[in-house]
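In case it helps, this note's numbering puts the sequence shown at residues 53 to 1233. The C-beta atom is built at its ideal place from N, Cα and C for all residues, glycine as well. Quick caveat: nothing in here was measured; it's all calculated off a predicted structure.
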Amino acid sequence: MLYRHETTRNADPQLHSHAVLANVVRPEKGEAQAINSPVLYQQAKTAGSVYQAVLRGELGRELGIEFDTPVNGLADIKGFDRSLIETFSTRRAEILRGLANAGLSAGSKTAAERVALESRRAKDMGLDHGLWRVEVREALQRDGFGVEQAQALVRTPAERELAGAGAGSESTRPRSLEERLQAAPLHSVTAERSTEDARAVRQAAMSVAEGYTAEEVGDALGRVFRDSRLAQVTGGERPRWTTERHLQLERTVAETTLGRMADTTAPRISAAGYEAPTTTPDGHALSSEQRRVLDQVLTSGHGVEVIRARAGAGKTTIAGLARQEFEAHGLKVVGVAPTLQALAELDDVGLQQRDSLARTALGDGEFSKVMRTMDHRTVVLVDEAGMAQTKEIAPLLQRAAERGAKVVAIGDDVQLQAVGAGGWFRYLAEHQDAPVLQLTEVHRQRNDVERDRLNQLHRGDVSGWTRWADQHDRIEIQPTVESAYSVAVGRYERALEAVGGDVDQLVVMAPENTHRRELNEKLRRVSVDRGGIDRSREREYGGMLVAPGDRLVATATVREEGSARRTIENGERFEVLDLGRDGITARAVAGSRRGQTVRLPRAVLELGADGRAVEHAYARTVHKAQGMTVDRSILFAPDPGRLGRNLAYVGLTRTRDRADLVTVADSRPQGLERLVRGMAERRDHEAAIALENPTVLDPERVQRMSDPEIDEHRHALLVEAREAMTRLTRLDREARGAWAGSRDARGDVQLLAERDQLQARADDARRLLAEHDPTGDRQDRGLMEHTARQGIERDQAQLQRLEERLTGRDVVGVDEADETQARIRKDREPVQKYLEQLLDGLDRVHGMQIDRSTRHVDPLSVAEHERPALALSQAQERAERVRGLTLSAAQQLGTGHPAVVRWLQQHAPTVGRAQERPVEREQQREAVPEREAPRKVPPTAYQRQFMQAIREMQSARREFAQLGGKDALTEALLLRTRVNEPARRIERLDREIAEHQTQQPSRLRFSATEAWTARGDELVEDRSRAADDLDAARRNRTAFEHQRDGRPLSEIIEQLGDSDERVRATATRTSDVEQQLVRLGPAALDEQRLVRVLGRRDDLETDTERRRYDQLAGRLAVFDVVRTQRDEPGRWLQTTGAPERDVAIWRGEHDMSLSRPQQRVVQEHRQELERTRDTGYDLGR
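The following block contains the structure:
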């Protein structure tokens, strides 16, 4: 339903419509249901652009109105005076004033939305629209817009053509649909990313000034996808779209770079006997990985070197040594970076000539000295190459290829990405033919455990880092944003104490500028309280208070008027030294002028049309922090679901000692869950050619990968497989929702689908029988033929019953549902294929991991009679490794999709054991007589020790559960935090109030007195809120203590913590005892049972057989204990493996009596050995 409005909230004239769609619908049959709103939400912007395009098209056809070029889907009427629009845009003027007063940029969407909500007034429901129209007409006439001007805008196209011809001007005809589609700005599809889905294409097609009529819009939305300027790439999970121009640009970059990565004619150090440095200038030894990368860069002669370096792996060290060595041998080294922070890092490298990547791409490089002076003796260092846009890096790579220069691109595709279409660095880093150099050993973090957890986060194991951070008080979760600000300030104060008050060794980061500015104000007060800022000399510059000791940062580059010389450069940071009426004197602490004393004129400190060029620097965005290294950091992320792995990884790896994260959620469990989900999403760019030609890791590429790379790739495959499963689940849910018409319709369609499936299966069986028995009179029918005929008879009986149920029933909406199902099946196919490719990739990675960790023995190096045993041992070892890796994958993938279930059962049959029917398990248990024997044989002393450890662990778990378990401990810790934080806030506010009372200005300074009074009221209000929070927290604490017999909260926390520690300690001891039992082998098992099951050890002739005997004995000792436990029996079986199959094979090899199940196992095993004999028993490869 459309509601048409003609005014804004400020009663300005603005004709617009609101489209309202009821969220509750009632189908023809059945109860009322809700609409699948996520789909509508995803298409909301596209629907709006279609609506606006049709509006322009219909107004143009009916009234001859012309429009300017649309911006974000909206367009103004052509010929309408812009000053009139601004005159009647009082609501926008209010928002701009609010942004200016807050010191915010008008280009910030988030800030504008915030100010709009804060300044929104209630609608005037008593407006007299008749009187209002009269007043508007009079106001327009006063401004020179009357009836004649309005009629000139509303003439029909025929009238306009006639008037134009009469005036002697050239007549313009309306453009056809094809011409309008050709004029559509399809280049905008790749404005931000290399590929987009169909929504971006439709929005670009609708961004035509003339729009489309209601009859044309459907045709336009269909024909735009056939435009020659677009290209579809279908190699990923779902179809994506890019432009031919961008696709060709990526191909050129890839071909040029891959060719030069194999070239050896670029600048290099080729002096006889030269050896690359092994230490840094300050005497620190390089790691073997760093030495290998440095030697390759210096001596390879490759035209392009790509270095994939993790945060803190020493890329600045490598770049500095490379510059030093190249320059010492007469080569010129220059630097290029996509961000100003990265350019500042190049200053640490010692480069004298550097430039931004954007400048090298302007005017064919004529504005860049790096591009103009590049020659065959030039080495170009590209820092943070993962953030470079493809269109900006392409000219640099092309110029380097033309002039024979060497390019060294250093970056990390898991960190922050380009602001435009990128992905070229990730494509090269993952390409099977690219000899990419790796820096995976991180040296920044001093704590080894924290370094390992951050490496887990890098490769996608978010839950591992989250569990560790939660246990070590690195994550703070608050119910509101305001309380999160307070907690962040408290942690900032403690961190400041830890770094000795050096604010340059502490950084607070936020994803968005809105939160950064709020934190800036609050953190500056902390510096004031600590005496780091001299408030007695404070001055105001355009609404910003500045005092000696303040930290400032340049948020824009400002040049001197009429000169190319820069007054300040974006990203520079300063410490204020002195103040004056015309500006301030400061010391540069970051940037190209680091350590210099500079003068900042008042003009750059004042508020400009685009916001402030200089702001306080106590907090910064994560994008501005990439490349920094400090001792302590705090990441403020109020929306954990939108954090993303790239941003989280950058925010948490800036520090040497400790990184904290503050977020917002209703409860701690919910916050941790949202944090894991948000951080698991990798939001980096992927090149269009990577989707067009999916890179499959061949054996040669896998052989070049190091063990950490293989682990990282495996985690990436698991994450993508989980995302593909989620996508399939959504499609299946949508398919089920297609039959929301009525309950009967859903039931009938399920019956029809079942009937079709049974009919197809019966037809396949008949076709198979016809091939083997064309006449139907064979007498020697085998088991397969009998089984097929029985299946046909069974299916026919079911078909007859289904036909009886379907007779006389009315199936409603089958055609529409079939169409929906066909569309969903079409969407499922690429996702299903993609998931299967990922699982195949996991198989290859598992094989590579097993091959590297398995000790191979040449069969020809052992005696001939020992080769069968060797082949058996290698096969068993490989099967155990495959089972272990697959079980590990099962923990991350689960069994949410049939393809994954089949894959898991193929490699780890024990995973599917829980799905067997109880009757079958019971029959299996009765068929193995050896399994009952341990009940009659008393356990050994070692087994009793294992049983005692299990009992202690189970007792500790029951005790912890009786106390409330992990939930109670988490709640108690949260209550303690919620009591302590308001108390600290009250203490801090009391100090601020006392200090504020001593700073009362003279009553003759009216404005200062008003500001002083307002500040005092604000402090009192803040203290009142803190007191209310403290009272509420204390009430919750009292209620919690009352539920636990009135004991103090500290005592409860101590008791729960001790119990939790006992659970962990007993679990560790149980695992240690279990492993000891396995190592003891025969000594851990009763001798009578050992001889009855495995025979006598003294009868064995070879060491290989004796080792197998000892391993089986140890596993049997564990199994005899575990099978008697009712709690979690599978936990030990996953560690040692159930030994029944290996016992059967052993007994078969040594001519011992076998039960029927054992006979089947031995027969299958012998058939497998026969198949492998011809391959030389090389089963480990």
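Secondary structure of residue i, DSSP reduced to three states
i: residue 87; result: coil
i: residue 920; result: helix
i: residue 490; result: strand
i: residue 900; result: helix
i: residue 474; result: coil
i: residue 1137; result: coil
i: residue 262; result: coil
i: residue 1250; result: The structure shown does not extend to residue 1250, since the chain is modelled only from 53 through 1233, so no value can be given for it.
i: residue 593; result: strand
i: residue 1145; result: helix
i: residue 777; result: helix
i: residue 528; result: strand
Cα-Cα separation, residue i to residue j
i: residue 1102; j: residue 1169; result: 44 Å
i: residue 329; j: residue 463; result: 22 Å
i: residue 683; j: residue 710; result: 7 Å
i: residue 139; j: residue 734; result: 45 Å
i: residue 199; j: residue 73; result: 37 Å
i: residue 66; j: residue 59; result: 5 Å
i: residue 27; j: residue 206; result: An answer regarding residue 27 cannot be provided, because it is not within the stretch 53 to 1233 covered by the chain.
i: residue 178; j: residue 54; result: 22 Å
i: residue 499; j: residue 766; result: 25 Å
i: residue 378; j: residue 321; result: 7 Å
i: residue 68; j: residue 233; result: 26 Å
i: residue 1294; j: residue 474; result: This structure cannot speak to residue 1294, because the chain is shown only from 53 to 1233.
i: residue 394; j: residue 436; result: 7 Å
i: residue 421; j: residue 457; result: 15 Å
i: residue 625; j: residue 606; result: 6 Å
i: residue 308; j: residue 449; result: 8 Å
i: residue 574; j: residue 1034; result: 16 Å
i: residue 1157; j: residue 952; result: 37 Å
i: residue 657; j: residue 596; result: 8 Å
Counted within 10 angstroms of its Cβ, other Cβ atoms place residue i as buried (16 or more) or exposed
i: residue 566; result: buried
i: residue 187; result: exposed
i: residue 862; result: Note on residue 862: pLDDT 46, under 50, position unreliable in the model; the coordinate value appears next. It counts as exposed.
i: residue 92; result: exposed
i: residue 239; result: exposed
i: residue 112; result: buried
i: residue 427; result: exposed
i: residue 1136; result: buried
i: residue 879; result: buried
Residue(s) in a DSSP beta bridge with residue i
i: residue 664; result: 659
i: residue 739; result: The partner list for residue 739 (beta bridge, DSSP) is empty, contrary to what the question assumes.
i: residue 70; result: 55
i: residue 561; result: 672 and 687
i: residue 248; result: 293
i: residue 126; result: 123
i: residue 1240; result: Nothing can be reported for residue 1240, as the shown portion of the chain is limited to 53 through 1233.
i: residue 635; result: 632 and 653
C-beta neighbour in chain B for residue i, strict 8 Å
i: residue 721; result: Absent here is chain B; the protein component of the structure consists of one chain.
Self-check item: Inter-stretch contact at 8 Å, needing at least 3 Cβ pairs: the segment 500-515 / the segment 540-550
Solution: No, they do not touch.
Quiz prompt | Segment contact, 8 Å Cβ cut-off, at least three pairs: the segment 362-374 with the segment 488-502 | solution = Yes: at least three Cβ pairs fall under 8 Å.
Exercise. Please determine if the segment 128-145 and the segment 274-294 are in contact, where contact requires at least 3 C-beta pairs separated by less than 8 Å.
Key: Output reads no: the segment 274-294 does not touch the segment 128-145.
Quiz item: Between the segment 1025-1042 and the segment 1159-1168, do at least 3 Cβ pairs fall closer than 8 Å?
Solution: Remark: fewer than three beta-carbon pairs, one from each stretch, lie closer than 8 Å, so the segment 1025-1042 and the segment 1159-1168 are not flagged as touching.
Quiz prompt | Three-pair Cβ contact test at 8 Å for the segment 442-458 versus the segment 271-280 | solution = The segment 271-280 and the segment 442-458 do not touch, with fewer than three beta-carbon pairs separated by less than 8 Å.
Quiz prompt | Stretch-stretch touch, CB-based, cutoff 8 Å, three pairs: the segment 1146-1155 with the segment 1106-1126 | solution = Segments in contact, no.
Practice problem: Could you tell me whether the segment 766-782 touches the segment 871-885, where touching means 3 or more Cβ pairs closer than 8 Å? | Solution: Here the segment 766-782 makes contact with the segment 871-885; the two share three or more CB pairs at distances below 8 Å.
Quiz item: Are the segment 523-541 and the segment 590-610 touching by the rule of at least three beta carbon pairs closer than 8 Å?
Solution: Contact between the segment 523-541 and the segment 590-610 is absent, with fewer than three C-beta pairs closer than 8 Å.
Quiz prompt | Contact between the segment 93-111 and the segment 246-257 (3+ Cβ pairs under 8 Å) | solution = Flag = yes, the segment 93-111 and the segment 246-257 touch.
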